[in-house]
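**Student:**
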Amino acid sequence: PSGRSGWHHRQWLACRRSAVAAVLFQQRMTVYFEDIQLGDSAEYAKTITEADILMFAAVSGDDNPVHINQEYAEASMFKTRIAHGMLTAGLISTVVGTKLPGNGTIYLSQSTKFKAPVRLGETVTARVTVTELDPAKKRVKFATQCLVKGNVILEGESLVIAPSRPV
């Protein structure tokens, strides 16, 4: 893009971003309501990094020192810095929005119970399992969990509207 005027360069960047977004969108999946069955499950795993915690703190405004200040965290009940609970819970949204049901899903509610902290470098596996289907409203209820090394560190339920198969 060298030699482009400011306006042309901005247009080129916008098109480039749109092309990247289109590729990412195509790589995601959609499981239509009509194909979802009780017991269906999907998961997503992510190792929590320093960057994840700092970016979440910046975006959310939650700069609690237990997340971002090692000295403070060492004096806390956790003895080290921990990830934000809602950062961990957000991984459930990744599963619902990209895997089951995927594209076009509308999140209605989420209940969450935090059972243990997540520390930097730990890998969290978010899992959703279909527990209830409401065909009249195209709603799906999930049991939700996040696990670290096989131990449940978060559990709850979510309710979504799943996309319907196009006619």
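Mature numbering (1 follows the signal peptide of the UniProt record, and there is no 0) puts the sequence shown at residues -22 to -1, 1 to 145.
The beta carbon of each residue, even a glycine, is placed where N, CA and C say it ideally should be.
All of these numbers come straight from a predicted model, not from anything done at the bench.
(1) Could you tell me the boundaries of the beta strand (DSSP E) in which PHE120 lies?
(2) Please return the same chain residues whose Cβ sits closer than 8 Å to the Cβ of ILE14, not counting the five positions on each side in sequence.
(3) Please classify THR76: is it buried, with 16 or more other beta-carbons within 10 angstroms of its beta-carbon, or exposed?
(4) Express the C-alpha separation of PHE34 and HIS62 in angstroms, rounding to a whole number.
(5) What is the DSSP secondary structure of ILE31, counted as helix, strand or coil?
(6) Could you give the distance in angstroms between the alpha-carbon of MET7 and the alpha-carbon of HIS45?
(7) Using only the alpha-carbon positions, how far apart do MET64 and LEU16 sit?
(8) In terms of alpha-carbon separation, which member of ILE31, ALA20 and SER142 lies closest to THR83?
(9) When you compare each of PHE120, PRO43, ARG105 and ALA36 to residue 163 by their alpha carbons, which one comes out closest?
**Tutor:** Answer, in terms of the structure:
(1) 117 to 126
(2) LEU78, PRO79, VAL108, LEU111, VAL118 and ALA140
(3) buried
(4) 8 Å
(5) In the three-state reduction of the DSSP assignment, ILE31 falls in the helix class, which pools H, G and I.
(6) Approximately 33 Å, taken between the alpha carbons.
(7) Distance from the CA of MET64 to the CA of LEU16, rounded to the nearest whole angstrom, comes to 27 Å.
(8) SER142
(9) No answer is possible for residue 163: the residues shown for the chain start at -22 and end at 145.
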